[in-house]
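Participant: The following block contains the structure, expressed as structure tokens.
Protein chains: 2
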Amino acid sequence: MEWTQAQRAKKMNPSVIREILKVTEKPGIISFAGGLPSPKTFPVSAFREACDKVLHEDGHAALQYAASEGYAPLREMVAAMLPWKVDPAQVLITTGSQQGLDLIAKILIDAGSRVLVETPTYLGALQAFTPMEPDIVSVASDGEGVDIADLQSKAAGARFFYVLPNFQNPTGRTMTEQRRAALSAEAARLGLPIVEDNPYGDLWFDEAPPRPLTARNPEGCVYLGSFSKVLAPGLRLGFMVAPKSLYPKLLQAKQAADLHSPGFNQRMVAEVMKDGFLGRHVPTIRALYKSQRDAMLAAMQREMPEGVTWNTPAGGMFLWARLPEGMNAIDLLPKAVERNVAFVPGWAFYADKADARTLRLSFVTSSVEQINIGIAALAAAIREQLPGTAHVQAERDPVALPAA
Amino acid sequence: MEWTQAQRAKKMNPSVIREILKVTEKPGIISFAGGLPSPKTFPVSAFREACDKVLHEDGHAALQYAASEGYAPLREMVAAMLPWKVDPAQVLITTGSQQGLDLIAKILIDAGSRVLVETPTYLGALQAFTPMEPDIVSVASDGEGVDIADLQSKAAGARFFYVLPNFQNPTGRTMTEQRRAALSAEAARLGLPIVEDNPYGDLWFDEAPPRPLTARNPEGCVYLGSFSKVLAPGLRLGFMVAPKSLYPKLLQAKQAADLHSPGFNQRMVAEVMKDGFLGRHVPTIRALYKSQRDAMLAAMQREMPEGVTWNTPAGGMFLWARLPEGMNAIDLLPKAVERNVAFVPGWAFYADKADARTLRLSFVTSSVEQINIGIAALAAAIREQLPGTAHVQAERDPVALPAA
């Protein structure tokens, strides 16, 4: 039987991370590789109560087909919780914020369209954009955010610039206020649309990050948010906020993609969120993740050989490290796995010109004890692999500078 | 701000049905327009028990990120319930079977690719395929199914033929065994892949429909199924069964689209389905829908003026009717709405050369009493609109012939 595949299918590749995670599947391994929130933070009992209430009071509606836009009370809650004036009519509930990326790709990318991303960037965005066959161009980025001059040189004709300003996946870095102001002004001047992805913004440790880019220019931005990190990812609920000029096409794409996101799940989340639940719940996640970040930073400081650098994420789930000159993280991984510790080589997160010395470490899924053991094992694997003759430079490393 | 939209976005249009349904939003209206299962059939208490059990026993896993392929026990249940030998590794759980259509479009359709559909066909499939910019070609179909000679004349170079053989949406018709055998043999001979959509197959009234096309040639078919009509649509769960040569690309497209379908919902459905629940539950749906189909057929017989024809669906949710010559269903709709009854003009379901005299009537959402009142009102609206001079032909109407 002849199955002729679309051109785009040939450009789609298995998730590198997925393949990497297979290598790390080993009983008892300490994994800093995943991007999973800590299940300790899932409000299971609140969900049990909400489920029962929704099915008891509103079961038939919750289980029926529903509007593609999403459950109205949830759209209103989303609009109300965002730090700029949002009309609930601009809110589209999505099947995870990953779906928002898929819908954006469908309505904004033609084959060959230029799409700008940060260096490095979220792998899931690259996967969502790739099927629409864009020309993806990396904009240089440092510990403070996007390099504005590089953006200027690359923006001509771009359909949009995809940015993840808060506690970025993979680097954990946060774009500074100064850089946001400059990016927002420059994008407006260039007429460059921005797609702002903010799954981690609520997970700050000491102070909230600067205002979103979308708040500064709502007509020029699409904003993506998620319930995965503040409630639970297994419900697959996210949202997007779109200018009124784009919303109808995004809605049509949503309808064609899966008709609507599960109404039952939307009601559960609305039920859990009412009465200010997130205001009480999210601080407990922040405290947990901060204590684990601190444990990882202390362990890195204690264990890592000279020449390894890393940043200090001000929130979120990830720390970004860089190996000494002459090493690369892909070669290191199997040696680390031998010592029962796993990470993701940073190479996977670059649209082009990957820095093979980088690695991503999640500090949220492992306990403090596991972090201590795992970082010691990782340091041992690095020491073992250190090039004997390597002249380890203490050079200023823009990627691995503290994020805030 | 300049938002340059993709070419495909310009080809996407608001759902005609959605726009039509807006016209019919009127308090107290009797609607035969929707495609909604009867909420009476939703096993709410079984879901309440299942929810509580899943969250109590397996809450953290149910709420965490999960495999893109789907929840393994549910994939096994799907494989086991299908009437041919299916390896669970070929089953991909989707966010409703609508998502299966989106994934197929992504990996099989290039701009300009020829895609074959029945006449008429499921509107949601047209919406899912359109963003990938195919050239959609309608294959002639009658009350017994696809016209094989017309298929032969149109198959050259087609990427696939999309068919919905059981109690089709919109016509309610079922493809006969003879026609299935001929289609299957011809598709194999032509090397023409088949996408078989089967959301309604379990809803038969007197006897199960003939074997699926996929069972006859699993390597040449992708099969789509759904839990929406046998359990509840609000959970947004469906599945696809794909040949091993296609599965990896579909999986990558799934991962890029929404990472995975909600693990919580998958566990709820698996929990409800174990111990043979569907074997007890589905017959109650069949009995209810059959009684409502019978009521609608009796009301049609009693009320409709000469020249109106309709079929006798052997299962599913829809009856297909055709107005006398000189009338059209689009003009009829506002007159029917004035009389508090709604339907969907069949025009919406044709990829090309629409038959404007056709209409789709759902018999599942309204009670027998509502069916009696609504069909009488519809017949009155038709009588009022009958062309005074119309010579109502009693011609043989292939579209509106009994389906079985």
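Line by line, the protein sequences give chains A and B. The opening residue of the first sequence carries number 1 in our numbering; numbering runs sequentially from there. The opening residue of the second sequence carries number 1 in our numbering; numbering runs sequentially from there. Don't be surprised by glycine CBs; every beta carbon is placed ideally from N, CA and C. Being a predicted model, the structure only gives us computed values, none of them experimental.
1) Taking the straight line between their C-alpha atoms, what separation do you get for S367(A) and I109(A)?
2) With DSSP run on the structure shown, which of helix, strand or coil describes E303(B)?
3) What does D135(A) pair with, by DSSP beta-bridge criteria?
4) Please work out which residues of its chain come closer than 7 angstroms, Cβ to Cβ, to A390(B), disregarding the five sequence neighbours upstream and downstream, and give them in chain order.
5) Could you tell me whether any Cβ in chain B is nearer than 7 angstroms to the Cβ of E207(A)?
6) Ignore the nearest five residues each way along the sequence and tell me which others in V230(B)'s own chain have a CB closer than 8 angstroms to its CB.
7) Grouping DSSP H, G and I as helix and E and B as strand, with all else coil, what is W84(B)?
8) What's the call for R302(B), buried or exposed, on a 16-neighbour Cβ count within 10 Å?
9) If you draw a straight line from the alpha carbon of M12(B) to that of G307(A), how long is it in whole angstroms?
10) Closest Cβ-Cβ distance between M12(A) and chain B: below 7 angstroms?
11) Identify the continuous alpha helix (DSSP H) that holds Y247(A) and give its terminal residues.
12) Closer than 7 angstroms, CB to CB, is E2(A) near chain B or not?
13) So which residues of chain B does Q90(A) contact, with C-beta pairs closer than 7 angstroms?
14) Between the beta-carbon of P249(B) and the beta-carbon of I107(B), is there less than 7 angstroms?
15) Which residues mark the beginning and the end of the beta strand (DSSP E) in which D197(A) is found?
16) What does the Cβ neighbour count give for I20(B), buried or exposed, with the cut at 16 atoms within 10 Å?
17) Quick one: measure Cβ to Cβ for N372(B) and A314(B), integer angstroms, because I've assumed they're closer than 8 angstroms.
18) Report the rounded CA-to-CA distance for L82(A) versus Y223(A), giving the unit in angstroms.
19) Answer with buried or exposed for K254(A), where buried requires no fewer than 16 other C-beta atoms within 10 angstroms of its C-beta.
20) Leaving out the 5 sequence neighbours to the left and right, which residues in its chain are closer than 6 angstroms to Q393(A) when beta-carbon positions are compared?
21) Going by CA-CA distance only, name the one from S245(A), V54(A), T358(A), V137(A) that's closest to G157(A).
22) Residues of the stretch 226-243 of chain B in Cβ contact with chain A at a cutoff of 7 angstroms, in chain order, please.
23) Measuring alpha carbon to alpha carbon, tell me which residue in V364(B), F161(B), E369(B) is nearest A33(B).
24) Taking V337(A) as part of the alpha helix (DSSP H), name the residues at either end of that continuous run.
25) If we cut at 7 angstroms on Cβ distances, does H60(B) have a partner in chain A?
26) Of all the CB atoms in chain A, is at least one closer than 7 angstroms to the CB of T95(B)?
27) Can you check the stretch 134-210 of chain B for any alpha helix (DSSP H) of at least 4 residues that lies completely inside it and give the ranges in chain order?
28) Does the beta-carbon of Q178(B) have 16 or more other beta-carbons within 10 angstroms, so that it is buried, or is it exposed?
29) How big is the Cα-Cα spacing for P43(B) and A128(B)?
30) Among all the DSSP beta bridges, which residues are the ones paired with L361(A)?
31) With a threshold of 7 angstroms between beta-carbons, can K26(A) be considered close to chain B, or not?
32) For M304(A) versus G100(A), is the C-beta spacing smaller than 7 angstroms?
33) Check the DSSP bridge columns for S291(A) and list the partner residues they point to.
34) Counting along the chain, where does the alpha helix (DSSP H) carrying F264(A) start and finish?
35) Please list the partners that I107(A) has in chain B, where partner means a Cβ-to-Cβ separation under 7 angstroms.
36) Of all Cβ atoms in chain B, is any one closer than 7 angstroms to the Cβ of D150(A)?
Facilitator: So, to answer that:
1) 42 angstroms
2) helix
3) R114(A)
4) Caution applies to A390(B), whose pLDDT of 45 falls short of 50 and renders its modelled position unreliable; the model cannot decide the point.
5) no
6) D202, L203, L278, H281, V282, I285
7) coil
8) exposed
9) 54 angstroms
10) yes
11) 247-258
12) yes
13) Within chain B, no residue comes near Q90(A); the closest Cβ sits about 14 angstroms away, beyond 7 angstroms.
14) Reading the sequence as shown, one finds Lys at residue 249(B) and not Pro. In contact: K249(B) and I107(B) (Cβ atoms closer than 7 angstroms).
15) 194-197
16) buried
17) At roughly 22 angstroms, the Cβ-Cβ gap does not stay under 8 angstroms, so N372(B) and A314(B) are not in contact.
18) 10 angstroms
19) buried
20) Note that Q393(A) scores a pLDDT of 41, beneath 50, so its modelled location is shaky; the value from the coordinates is reported in the next line. Taken in chain order, the residues that qualify are E325.
21) V137(A)
22) A232, P233, G234, L235, R236
23) V364(B)
24) 329-338
25) yes
26) yes
27) 148-154, 177-190
28) exposed
29) 29 angstroms
30) L319(A)
31) no
32) no
33) DSSP, once it has assigned bridges, lists no residue as partnering S291(A).
34) 263-273
35) Q5, A6, A9
36) no
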